[in-house]
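The structure appears below as structure tokens.
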Amino acid sequence: MKKKILWLMLSFLLVAALVLASCAPAVPGEQEEEEEEEEEEEEEEEEVGLQYGGALTIWQRGGFGDPPSPDIGDGFFEQIYWLGFIQETPLIGDLETYGPRGTDEFAFQLTSYIPDRFLKGHLLESWDVSFDKVVWHVRPGIYWA
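First residue of the sequence shown? That's 15 in my numbering, and the numbers climb one at a time after it.
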């Protein structure tokens, strides 16, 4: 029993020593060196004009690794998350009319489903819905395949 208490006290003292050591102020010479390094890094980051190319790193829920094929015909649901960055949607929610700035009939806080009556054309001028098909009338100058 005494050995257990001794080991417990020794463990507590080690943890307390680590906590106190981590709270100690840094050596003044090291702080000055770190500040100089930060100033040098800030000077290097300044660029004039636009930067083309590079890598865009994003996180999408359920989107680990490389993005899937952009072809929706492959049957994966994840394309919807990735296509939002590179492709405009045919329809969009009419936020100005039905949202908080308009009649406030719909909050537009859902991420996946917007009822049909709150939609407006984004790439489409209009659309016709029948029992067996939907016909899209695409805006002039838009190529859709």
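Heads up, the beta-carbon is just placed ideally off N, CA and C, and yes, glycines get one too.
- Around the beta-carbon of TYR112, 16 or more other beta-carbon atoms lie within 10 Å, marking it buried.
- When DSSP states are grouped into helix, strand and coil, ASP118 belongs to the coil group.
- At a Cβ-Cβ threshold of 7 Å, HIS136 and LEU109 do not count as neighbours.
- Membership of LYS17 in the alpha helix (DSSP H) is indicated by the continuous run 16-37.
- Beta-bridge partners of LYS147 (DSSP): none assigned.
- Taking the C-beta atoms as reference points, TRP150 is found nearer than 7 Å to LEU138.
- Spatial neighbours of SER140 in its own chain (CB-CB distance under 6 Å, excluding positions within 5 residues in sequence) are listed in chain order as HIS151.
- CA-to-CA, the gap between ALA69 and LEU20 works out to about 55 Å.
- Spatial neighbours of THR117 in its own chain (CB-CB distance under 8 Å, excluding positions within 5 residues in sequence) are listed in chain order as THR111.
- The beta carbon of PHE120 sits closer than 6 Å to the beta carbons of TYR112, PHE132 from its chain, once the five residues preceding and following it are set aside; these are given in chain order.
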